[in-house]
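Residue numbers (the numbering used here): 670 to 1044. Just so it is clear, CB atoms sit at the ideal spot from N, CA and C, and this is done for glycine as well. All of these numbers come straight from a predicted model, not from anything done at the bench. Data first, discussion second: the structure below is written as structure tokens.
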Amino acid sequence: MARISQSDLRIVEDALGSASGYVADFTNATFSSFFAKEVGAAIYGHAYAKYGTSKGKRLRAFLEEADDAIALKALRALRAYVASTGWRPDGQSPEEHKVTGERFDELIERFSRPRESGLGQQDPLAWLVRVQRKLREIQQIAFKAYDDSNDTETKDVPDGIKQALSAHYAVLKEQLPPDFPPSAIGDMGRHIHFSDHADMRSIAGWDVPDLMAKAEKYALEAKAAEIDDDPRDVLNLIDEMFRSSVEQELSATAPDYHMLVLKCCLLLGKRFADKTGLEDDLSSYGKAFGPKSPMLLVPVDLKTATRQSQQQGAMFLFQGYRSFLRNTHAHDIAEGDRDFSLQAIVFLSMLAEVLAAATVVAETEEQPATTSASS
């Protein structure tokens, strides 16, 4: 829950007594069972042990890391549990308990309202692209500076590198909204200030990946808040090739989501066959997107390991969709509810965009590769 603050967490701690490490009157076993049944989450997973292994510390980590909808579900379930059992923290008077309960209710009500993103009128996904582009520029400069300084006896980083990074950093800070979650932006500023050999490694290997992950989560949560329960709201994310079929099925009295997904898979396969002249099968996707001598080039070239990995990733995605969606829907009646089917078609739409943007490479051309792609 990217938008939960330290003061919000104190409200939860006051209501549940979790500052002590305990949570209400739960034992380890009942706490685990409660989260599994009421929230659908494994509270004793490794991801929620970053502050420690007590129930209170796990709850704190969970509320910070979980998606907004899941975290809100947990808060509602915990509030209902306390209200139904009459439990209250030791040393807390009935009147104090009433006040903490009211503050807990206000917190839940606030988080139940649509999120007001600090992005204003900006489209969250367009904002994400801009931030990612700036972060990649910073990372490339830092990586090169680190590699270049390795070749010197003193491992000094030129002053011009610090100036370039400082300029990009100033733009990046302006791009981040006021409600952006806690991140490595401060660490990045400190590393740029000192700009020594180790700082370049920290910027490229820690600061940028942390900000990338936080920005992606922030943008996706902001975008999700714009879409309500009407499935037609996702049509703007669906490729035009599939859109009429989706609209027709959503309007049907008894939609056949299984057939809808299969139809969209077949449409994507036909577009692939039309562009490459190959059959729509697993081996053809390997031939078309394989990183050694592809027919369809996804990055601008294959001169770096990162671009080779991107090319190989495209191959895995196309082969994966065919195994996971196309084959299962063609050879069996796969279970498919509305939400899963629409999510699958949004994924197919992303593949359609990748396919449309890929460059057809002449058979006589060879793409130079410096290293093998990572798997």
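Proximity to residue i [Cα-Cα], best of the options
| i | options | result |
| --- | --- | --- |
| V967 | A1027, G690 and S1018 | A1027 |
| F700 | Y713, S689 and A688 | Y713 |
| A688 | K726, L931, D825 and Y717 | K726 |
| S952 | G989, A921 and D925 | G989 |
| V840 | T754, K803, G858 and M857 | K803 |
| K842 | R805, S781 and V800 | V800 |
| S676 | E775, H715 and S753 | E775 |
| F703 | H766, C934, K724 and D683 | K724 |
| A1031 | M1019, S962 and F985 | S962 |
| A942 | V1029, E734, G829 and T823 | V1029 |
| D683 | T754, K742, H715 and V768 | V768 |
| S1018 | N996, D1001, L986 and T997 | L986 |
| A884 | V798, A921 and V969 | V798 |
| D1057 | Q808, I777 and G755 | Residue coverage of the chain in this structure runs from 670 to 1044, which leaves residue 1057 outside it and unanswerable. |
| S978 | P960, Q791, R940 and A921 | P960 |
| F993 | A705, D950 and A814 | D950 |
Inter-residue spacing [alpha-carbon to alpha-carbon] between residue i and residue j
| i | j | result |
| --- | --- | --- |
| A853 | F731 | 20 Å |
| H862 | D816 | 19 Å |
| D820 | V826 | 11 Å |
| L728 | Y717 | 8 Å |
| D897 | K886 | Summary for D897: the model assigns pLDDT 49, below 50, so the residue's position carries little reliability, and this model does not support an answer. |
| G686 | A698 | 18 Å |
| K719 | L678 | 16 Å |
| Y750 | P793 | 36 Å |
| I680 | E948 | 60 Å |
| A914 | R1007 | Looking at the sequence shown, residue 914 is not Ala but Ser. Cα-Cα distance, rounded: 14 Å. |
| A888 | W796 | 8 Å |
| R779 | A974 | 46 Å |
| Y691 | T722 | 11 Å |
| D925 | R976 | 39 Å |
| G905 | G938 | According to the sequence shown, residue 905 is Asn rather than Gly. For N905 and G938, the distance between alpha carbons rounds to 22 Å. |
| E707 | L744 | 10 Å |
| A710 | E733 | 14 Å |
| A738 | K972 | 42 Å |
| E764 | F849 | 36 Å |
| I673 | P851 | 10 Å |
| R912 | C933 | 9 Å |
| M1058 | D856 | No information on residue 1058 is available, as it lies outside the stretch 670 to 1044 that the chain covers here. |
| F1009 | T997 | 14 Å |
| I777 | A752 | 14 Å |
| K824 | T696 | 54 Å |
| R940 | Q791 | 33 Å |
| W875 | D759 | 42 Å |
| E822 | A814 | 14 Å |
Beta-carbon gap between residue i and residue j smaller than 8 Å
| i | j | result |
| --- | --- | --- |
| M964 | L936 | no |
| A1064 | D908 | Outside the displayed span of the chain (670 to 1044) sits residue 1064, for which this structure offers no information. |
| A811 | A873 | yes |
| I1014 | V877 | no |
| K944 | L1011 | no |
| K831 | S871 | no |
| Q980 | F1016 | no |
| S818 | M869 | yes |
| P847 | G789 | no |
| F773 | R757 | no |
| E890 | D694 | no |
| S781 | L845 | no |
| G946 | M984 | no |
Residues bridged to residue i (per DSSP)
| i | result |
| --- | --- |
| V1029 | L965 |
Unbroken alpha helix (DSSP H) run spanning residue i, endpoints
| i | result |
| --- | --- |
| Q809 | P793 to N819 |
| D677 | Q675 to L685 |
| G721 | Where G721 is concerned, there is no enclosing alpha helix (DSSP H), given that its DSSP letter is neither H nor E. |
| A921 | From DSSP, A921 is part of no alpha helix (DSSP H); its letter is neither H nor E. |
| P763 | P763 to S781 |
| D1001 | Unbroken run through D1001: none, as it is neither H nor E. |
| Y838 | D828 to Q844 |
| Y990 | A974 to Y990 |
| G858 | I854 to F863 |
| S701 | N697 to F703 |
| H715 | No alpha helix (DSSP H) holds H715; DSSP gives it neither H nor E. |
| A740 | D737 to T754 |
| Y954 | L951 to F958 |
| S689 | S689 -> no alpha helix (DSSP H), and no H or E assigned at all. |
| D868 | H866 to S871 |
Proximity test, Cβ basis, 8 Å: residue i and chain C
| i | result |
| --- | --- |
| E765 | This model lacks chain C altogether, as it is built from one protein chain only. |
Residue i Cβ short of 7 Å to the ligand HEM heavy atom set
| i | result |
| --- | --- |
| E764 | Absence of the ligand HEM from the depicted structure is noted, as is the absence of any ligand whatsoever, leaving it without description. |
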